[in-house]
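Residue numbers for the sequence shown follow the UniProt record's numbering, so the first one is 1 and each next one is one higher.
The beta carbon of each residue, even a glycine, is placed where N, CA and C say it ideally should be.
Owing to the predicted nature of the structure, the values given are computational and were not obtained by experimental measurement.
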Amino acid sequence: MPMIPDGSGGVVALQVDSTPTETAMTSSTLQEKPIVVGIYGIQGCGKTTLINRLKQELGESQFAFFDGSHIIASTVKGGLDVFKHMDEVQQAHHRELAIQAIAQQCHDTGRVGVVAGHLTLWDGGEAKAVFTRGDLDTYTHILYLDVPAETIAEYRLGDTSRKRTQMDAGTLHNWQVNDKMQTKDICRQHGILFWSVPEYALEEKAMNILDFLKDIRNHTEGENMRRSLARLDEIVTPAAKDLDRVLVFDADRTLSSVDAAAIFWEEWLQTRIDSRDQLKQLFSHPMWLYSYKAFRQATLLYENVPEPDFNRLCAKVARRVEVHPEFVHLLEKVHEKQHVLALVVTSGIRRIWEGVLQHTNLHNDVKVIGGGRISDGFVVTPDVKAAIVTRLREHYGVQVFAFGDSEVDIPMLKAAGEAFIVSGELNTRSKNMDRVLPAAIQDGLRARQLLLPACAPPRLNETTLPVIRLDDVFIDTLLGRAMKQPSRTRFMHATGTAAAKLLMTPMRDANVAGVALREAHRRAGWWLATHLVSEVIDLEEIAIGHVQGHSTTGHQLLGEKTTTIVALMRGGEPMAFGVSEAFPSATFVHAATPEDVKGQHLIGQSNLILVDSVVNSGASVLEFISYIRSIDKSLRIVVVAGVVQAEFFNQPPEAVANDINVGVVALRVSENKFKGRGGTDTGNRLFNTTHLD
């Protein structure tokens with residue numbers, strides 16, 4: 001077990017496998033400290049030579065380059081010769097001073113620090129740890145030069161500028177293996193991004209490390225989000241004018257029963273010395289979990305695979321992955337629908353899934369958003385998945401149907417209008433999902449589940465997570481049709497009908513007030529919603545579970561999940577509750593003034609229902625319509641009221657008459673222009689405040 005000097009008079013035993021006391025670092029933590037990159041490797045591997053090359057190639061306007069030994073020497077009067085004769089505690093103190101000076105300079109100048117450093121040094125026939133607590137607190141990245149021991153031996157023999165201990169390649173190899181493994185484990189435990197830089201990345205022609213350092217300089221969590229959404233816009237913008245809905249799919253264990261990334265690593269690690277499942281170790285570690293940093297670290301793991309091998313393995317794995325036949329059938333149907341777009345948004349390897357879709361002949365219709373390599377420009381985190389769905393709904397105004405299988409997908413599923421969880425066979429499905437799903441549902445996730453294959457057992461129970469079948473009935477409902485033009489019947493009322501007479505009786509009865517009157521208005525709201533609003537807006541089919549165990553067809557308001565009900569306060573609230581009861585998936589908003597309806601209540605919505613108890617001149621309603629139109633020019637608006645004055649209904653103002661997306665429904669149209677006050681005011685009667693006016 002290596003011993004790390006703590007710089008204060010003692011040494012600390014480094015338990016690289018113990019449970020860390022810290023938790024996953026947040027993005028704010030990342031921004032508070034400067035970026036400092038350690039170039040590590042055993043003595044003689046070429047760190048100083050690399051630093052000099054990088055300095056020449058990158059310049060020093062955005063990067064600051066340091067040789068750790070030189071910085072230490074600058075903190076000691078007498079330089080390195082004096083430092084070498086100090087005891088371990090004194091040396092640790094000056095190492096702390098050196099790394100603190102580097103961090104301070106990087107902080108003050110805003111430059112990325114690149115430091116040639118060591119985990120261990122060879123001394124007295126053994127490797128001794130020289131890594132300090134200050135190093136743990138300072139380094140954000142460590143690049144380990146994985147140069148073959150034979151090459152290092154040649155470097156050491158040819159280096160006449162330094163006095164080096166003679167060591168054979170075998171000894172160097174053993175030292176390097178332990179040094180690298182300890183460095184990797186320390187980084188894992190303390191949240192430091194680690195890249196074992198393969199020899200090919202150091203070659204003159206490749207210089208991959210240059211691109212990586214430039215990427216480190218520019219790649220923040222915010223920049224990652226910007227790039228991800230820019231990729232979404234590239235795909236969606238050309239088709240946006242025709243789009244009505246978008247299907248968003250996770251890839252691994254959703255489109256297919258297998259995890260393509262796991263297969264990739266199985267193939268690659270067959271010939272590697274370290275055969276540990278590094279991805280599983282990474283994402284299960286409490287320091288990393290499914291954070292932005294964790295996915296960046298995963299990208300660095302993929303960068304250890306040379307580009308030709310990476311492409312070869314992606315192609316090989318893609319041929320092994322089979323998309324569920326039910327999804328193939330669904331995606332083939334998408335091809336026939338101009339108003340529907342399908343996207344794969346994967347936290348896995350983009351190139352594999354593009355290959356899978358190509359083998360399935362779906363690549364022209366389904367685009368992939370994903371990463372895997374630094375050159376992809378971004379990583380797909382749970383937050384990125386959710387942001388993609390949110391942008392589709394709020395910026396493009398489309399309905400989003402999301403499909404996922406794991407806890408990584410939960411933010412995306414919550415953000416979608418319709419969420420579907422794929423439940424696979426017990427031996428392949430995500431075990432963590434079973435653990436976190438109940439809490440997600442309690443936190444507001446509304447979802448249904450697909451059993452793929454059909455023989456797979458359901459998650460939880462079918463009451464909590466209803467089961468649907470991906471049959472033609474459901475697919476037709478899912479794909480629907482482009483939002484139809486508004487009905488010719490924009491104005492409807494029930495004056496004179498038996499139902500209206502019954503419903504209006506308690507509403508007009510002077511002896512009915514308070515709770516009883518509010519209940520009468522609620523019943524009227526429900527009736528107007530089910531009988532008239534449903535005719536003006538129309539219905540859409542949905543798949544529901546039949547009591548006999550099979551799937552059947554149900555109906556809901558067209559675009560119900562993207563409908564906002566606005567209760568005009570205070571008289572419209574009881575009736576609005578009845579409308580809400582008829583359309584339970586709609587959003588409900590209280591509004592005393594038009595400004596109470598915020599942009600967030602309208603963006604991505606397809607219908608808005610304004611509810612008031614009485615519309616006389618319509619002045620209040622017109623204010624709301626004008627305000628809403630200043631935000632959204634085409635949102636379908638339906639005014640719902642118990643009583644509408646005849647002039648407003650029969651000769652509506654231009655703002656209503658000339659807008660084909662505005663409709664009016666009423667229980668009764670009245671010729672009476674009387675405006676109530678005190679005991680005759682509907683609002684006062686509803687809330688027993690007649691004595692206040």
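Inset, instruction - Measure the C-alpha to C-alpha separation of R546 and R469 and round it to an integer number of angstroms. - result: Here residue 546 refers to the residue found at position 546 of the sequence shown. Here residue 469 refers to the residue found at position 469 of the sequence shown. In the sequence on display, residue 546 carries His and not Arg. Near 12 Å, if we compare the C-alpha coordinates of R469 and H546.
Legend entry - Touching by the beta-carbon criterion (3+ pairs, under 8 Å), the segment 226-237 and the segment 75-86: no
Inset, instruction - Kindly indicate which three-state DSSP category Q56 falls into: helix, strand or coil? - result: Counting from 1 along the sequence shown, the entry for residue 56 is found at position 56. Q56: helix per DSSP, three-state reduction.
Inset, instruction - Would you give the residue range spanned by the beta strand (DSSP E) that residue 699 belongs to? - result: A question about residue 699 goes unanswered here, because the residues of the chain that appear run from 1 up to 693.
Legend entry - Whole-number beta carbon distance between H324 and S256, since they are thought to touch under 8 Å: Working through the sequence shown from its first residue, we reach residue 256 at position 256. Working through the sequence shown from its first residue, we reach residue 324 at position 324. At roughly 6 Å, the Cβ-Cβ gap stays under 8 Å, so S256 and H324 are in contact.
Inset, instruction - Would you list the one or two residues that DSSP bridges to T553? - result: Counted from its first residue, the sequence shown places residue 553 at position 553. Answer is A543, bridged to T553.
Inset, instruction - Could you tell me whether the segment 303-319 touches the segment 257-271, where touching means 3 or more Cβ pairs closer than 8 Å? - result: yes
Legend entry - G134 beta carbon less than 7 Å from that of Q100: Here residue 100 is taken as the residue at index 100 of the sequence shown, counted from 1. Here residue 134 is taken as the residue at index 134 of the sequence shown, counted from 1. The answer is yes: Cβ separation under 7 Å.
Legend entry - Short Cβ contact (7 Å threshold) for G117 with C106: Taking the sequence shown and counting its residues from 1, the one referred to as residue 117 is at position 117. Taking the sequence shown and counting its residues from 1, the one referred to as residue 106 is at position 106. The answer is no: Cβ separation not under 7 Å.
Legend entry - F649 versus E671 - alpha carbon distance: By 1-based counting over the sequence shown, the position of residue 649 is 649. By 1-based counting over the sequence shown, the position of residue 671 is 671. Each residue's alpha carbon lies about 10 Å from the other.
Inset, instruction - Look at the alpha carbon of V621 and the alpha carbon of D612, and state the distance between them as a whole number of angstroms. - result: Locating residue 621 in the sequence shown gives position 621, where the first residue counts as 1. Locating residue 612 in the sequence shown gives position 612, where the first residue counts as 1. Whole-angstrom Cα-Cα distance: 9 Å.
Legend entry - Contact check, I609 vs I565, beta carbons under 7 Å: Indexing the sequence shown from 1 puts residue 609 at position 609. Indexing the sequence shown from 1 puts residue 565 at position 565. At a Cβ-Cβ threshold of 7 Å, I609 and I565 count as neighbours.
Legend entry - Rounded distance between the beta-carbons of F403 and D250, thought under 8 Å: Walking along the sequence shown from the start, residue 250 turns up at place 250. Walking along the sequence shown from the start, residue 403 turns up at place 403. Indeed, because the Cβ distance is near 6 Å, the residues count as touching under 8 Å.
Inset, instruction - Look up R523 in the DSSP assignment and say whether it is helix, strand or coil. - result: Position 523 of the sequence shown, counting from 1, holds the residue named residue 523. The three-state reading of DSSP puts R523 in helix, counting H, G and I together.
Legend entry - Classification of T132 by the beta-carbon crowding that lies within 10 angstroms, buried from 16 upward: As a working mapping, residue 132 is identified with position 132 in the sequence shown. Buried, by the Cβ-count rule.
Legend entry - Residue span of the alpha helix (DSSP H) that contains Y292, given as start and end: Locating residue 292 in the sequence shown gives position 292, counting from the first residue. That run of the alpha helix (DSSP H) goes 292-303.
Legend entry - Buried versus exposed, by CB contacts within 10 Å (16 or more), T497: Position 497 of the sequence shown, counted from the first residue, corresponds to residue 497. Looking at its Cβ environment, which holds fewer than 16 other Cβ atoms inside 10 Å, T497 is exposed.
Inset, instruction - Give a yes or no on whether the C-beta atoms belonging to V147 and E199 are separated by under 7 Å. - result: The residue you call residue 147 lines up with position 147 of the sequence shown. The residue you call residue 199 lines up with position 199 of the sequence shown. It is a contact, given that the beta carbons lie within the stated cut-off.
Inset, instruction - Mark H550 as exposed unless 16 or more other C-beta atoms lie within 10 angstroms of its C-beta, in which case mark it buried. - result: If you number the sequence shown from 1, residue 550 lands on position 550. A residue is called buried when at least 16 other Cβ atoms come within 10 angstroms of its Cβ; H550 does not meet this threshold and is exposed.
Inset, instruction - May I ask which residues mark the beginning and end of the alpha helix (DSSP H) holding V621? - result: As a working mapping, residue 621 is identified with position 621 in the sequence shown. Counting along the chain, the alpha helix (DSSP H) containing V621 begins and ends at 619-631.
Legend entry - Own chain residues within Cβ distance below 6 Å of R522, not counting five before or after: Indexing the sequence shown from 1 puts residue 522 at position 522. Closer than 6 Å at the Cβ level, and outside the excluded window around R522, lie P574, F577, G578.
Legend entry - Among K55, Q449, S423, V340, nearest to V398 - alpha-carbon criterion: Residue mapping note: residue 398 aligns to position 398 of the sequence shown, counting from 1. Nearest C-alpha to V398: V340.
Inset, instruction - Reducing DSSP to helix, strand and coil, say where D471 ends up. - result: As a working note, residue 471 is residue 471 in the sequence shown. Note: D471 maps to coil in three-state DSSP.
Legend entry - Alpha carbon of L392 to alpha carbon of V400, nearest angstrom: If you number the sequence shown from 1, residue 392 lands on position 392. If you number the sequence shown from 1, residue 400 lands on position 400. One C-alpha to the other measures close to 7 Å.
Legend entry - Extent of the continuous beta strand (DSSP E) run through E307: Mapped onto the sequence shown, residue 307 falls at position 307. Element bounds for E307: not the beta strand (DSSP E) but the alpha helix (DSSP H), 307-320.
Inset, instruction - Decide if S634 is buried, meaning its Cβ has at least 16 other Cβ atoms within 10 Å, or exposed. - result: What you label residue 634 is simply residue 634 of the sequence shown in a count that begins at 1. S634 is exposed by the Cβ-count criterion.
Legend entry - Classification of A482 by the beta-carbon crowding that lies within 10 angstroms, buried from 16 upward: Taking the sequence shown and counting its residues from 1, the one referred to as residue 482 is at position 482. Low confidence applies here, because A482 scores a pLDDT of 43, under 50, leaving its location unreliable; read the following figure in that light. Result: exposed.
Inset, instruction - Determine which residues share a DSSP beta bridge with E418 and list them. - result: Here residue 418 refers to the residue found at position 418 when the sequence shown is read from its first residue. Its beta-bridge partners are F401.
Legend entry - Cut-off 6 Å between Cβ atoms - residues of its own chain near P594, not counting five sequence neighbours on either side: Taking the sequence shown and counting its residues from 1, one reaches residue 594 at position 594. Excluding positions up to five away in sequence, the list reads E623, F624, Y627.
Legend entry - Distance, G599 Cα to D211 Cα: Here residue 211 is taken as the residue at index 211 of the sequence shown, counted from 1. Here residue 599 is taken as the residue at index 599 of the sequence shown, counted from 1. Between D211 and G599, the C-alpha separation is close to 42 Å.
Inset, instruction - Indicate whether A500 and G642 have their beta-carbon atoms separated by less than 7 Å. - result: Here the question's residue 500 lines up with position 500 in the sequence shown. Here the question's residue 642 lines up with position 642 in the sequence shown. No, Cβ-Cβ distance for A500 and G642 is not below 7 Å.
Inset, instruction - Pull up the DSSP beta-bridge partners for V112, would you. - result: Residue numbering aside, residue 112 sits at position 112 when the sequence shown is read from its first letter. F63, per the DSSP bridge assignment.
Inset, instruction - Consult DSSP for N607 and reduce its assignment to one of helix, strand or coil. - result: To locate residue 607, count along the sequence shown from 1; it is residue 607. When DSSP states are grouped into helix, strand and coil, N607 belongs to the strand group.
Legend entry - Among T428, W527, Q281, nearest to E581 - alpha-carbon criterion: Taking the sequence shown and counting its residues from 1, one reaches residue 581 at position 581. Of the listed residues, the one whose Cα sits closest to E581 is W527.
Legend entry - Three-way DSSP call (helix, strand, coil) for I99 in this model: Stepping through the sequence shown from its first residue, residue 99 is reached at position 99. The answer is helix: DSSP assigns I99 an H, G or I state.
Legend entry - Member of I352, P286, T587 whose CA lies at the smallest distance from the CA of T563: On the sequence shown, position 563 is the one that residue 563 refers to. The shortest C-alpha separation from T563 is found at T587.
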